[in-house]
Amino acid sequence: MRAVRLINILTTLQAKGLVTAEALAAENHVSVRTIYRDIDALSLSGVPVYSERGSEGGYRLLDGYRVRLNGLSPGEAEAMFLSGVPDAAADLGLGSLMAGAQKKLTAALPEDLRQSAARMQGRFHLDAPTWFGESERPAHLQAIADAVWNCRLVRMRYRSWKAEKNREAEPLGVVLKGGAWYMVARVDGEVRTYRIARILDLLVTEERFERPEDFDLAGYWTENTLRLEAELHPNTATLRVSKWGLRLLEHISPSYVRARMEAEKDERHEDRWIVTLPCGQAQHAISEFLRLGAEAEVLAPDTLRDAMREALERLAGFYARSVS
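The sequence shown begins at 1 in our numbering and counts up by one.
See below:
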């Protein structure tokens, strides 16, 4: 973390000129004493930073000194934004660009910052896919990324849950979620989400489209995710669970459900909890709650409790028969 802070101090001094220790401390969310130590470290590494005393004093860089990144190309600069997810960069065709950018950045750092950067890289790693899941590498990912970047209209044959459809789309962004790649695109004037692995055929045309200036990919994705989660969990269920069942429930439930889950001790059963949580339609809820086995009992609504009983009776029938 110190390496990032030192680079931020350098770029702040370069952009603003004279800056007080208090201002640097506030910007970097550290104490003034920490800033003093950082300034000493920069000076010892050869950076010409000096102080000006007085009520209007502070720190500044020697006139003419500039922080250089040894000529990053535009592609390398873009790839640096994916430095935390190297597999994703490789999937998008930016792996070699990212490697080149990192080498140039490392060469531009003072020696102590290089050591800090190396420690950071060796001690922190981001693995985007979920446990026991593999990242998708869709055939059309790089073509779609290129269309997004160059605002090219695409024509595709897409397989949804219900049917195959032909679509003409204006790709606005690409999102990696839980190891799966998604294209956010405008179709018939509406912004929609498509799983790239379900695109069967793709044609990137030469026709360009005008990207909406006010479109916020991150904002859209957050809002769309919450809306989808709400649509998938329109109902509420009440369960009686064991201590282990409560732990399982907290582990297997998506974040949307966990955030809205309420649990309290069951007054009638010392080792049980009463849990209220959002759930999906009956078939989806049954599949989810069967994962808890005998550690949970559905109490309400009655329709879901009846559906669980019927499902368990069918299961019991399967196991009552000899295998043939």
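The beta-carbon is built from N, C-alpha and C at its ideal position, and this holds for glycine as well.
Residue i in three-state terms, based on DSSP
i: Y65; result: coil
i: L292; result: coil
i: M156; result: strand
i: V323; result: coil
i: V298; result: strand
i: G317; result: helix
i: R268; result: coil
i: R137; result: coil
i: L92; result: coil
i: S255; result: helix
Residue i: CB within 8 Å of a non-hydrogen atom of the ligand FAD
i: G58; result: Within the structure as shown, the ligand FAD is missing, as the structure has no ligands at all.
Opposing strand residues paired with residue i [DSSP bridges]
i: K177; result: A180
i: D262; result: The question names Asp, but residue 262 in the sequence shown is Glu. E262 pairs with T276.
i: E52; result: G58
i: G19; result: Looking at the sequence shown, residue 19 is not Gly but Val. Per DSSP, Y59.
Beta-carbon proximity check, residue i vs residue j, cutoff 9 Å
i: L217; j: V175; result: yes
i: A311; j: L277; result: no
i: T11; j: G58; result: no
i: E136; j: G179; result: yes
i: A263; j: I274; result: yes
i: R152; j: R208; result: yes
i: N235; j: L292; result: no
i: H233; j: V204; result: no
i: V191; j: Y220; result: yes
i: S242; j: R268; result: no
i: V47; j: Y65; result: yes
i: M261; j: L249; result: yes
i: D38; j: I9; result: yes
i: A26; j: L92; result: no
i: V298; j: M308; result: yes
i: P254; j: E229; result: yes
i: A147; j: P171; result: yes
i: V49; j: R33; result: no
i: D201; j: M156; result: yes
i: L246; j: I196; result: no
i: R53; j: N28; result: no
i: R240; j: A296; result: yes
Residue i - containing alpha helix (DSSP H), residue span
i: W273; result: Where W273 is concerned, there is no enclosing alpha helix (DSSP H), although the beta strand (DSSP E) it sits in stretches over 272–279.
i: L10; result: 2–16
i: V30; result: Element bounds for V30: n/a, residue is neither H nor E.
i: A147; result: 141–150
Residue i - containing beta strand (DSSP E), residue span
i: V47; result: Counting along the chain, V47 falls outside any beta strand (DSSP E), and DSSP gives it neither H nor E.
Which residue spans inside the stretch 161–246 form an unbroken alpha helix (DSSP H) run of at least 4?
217–232
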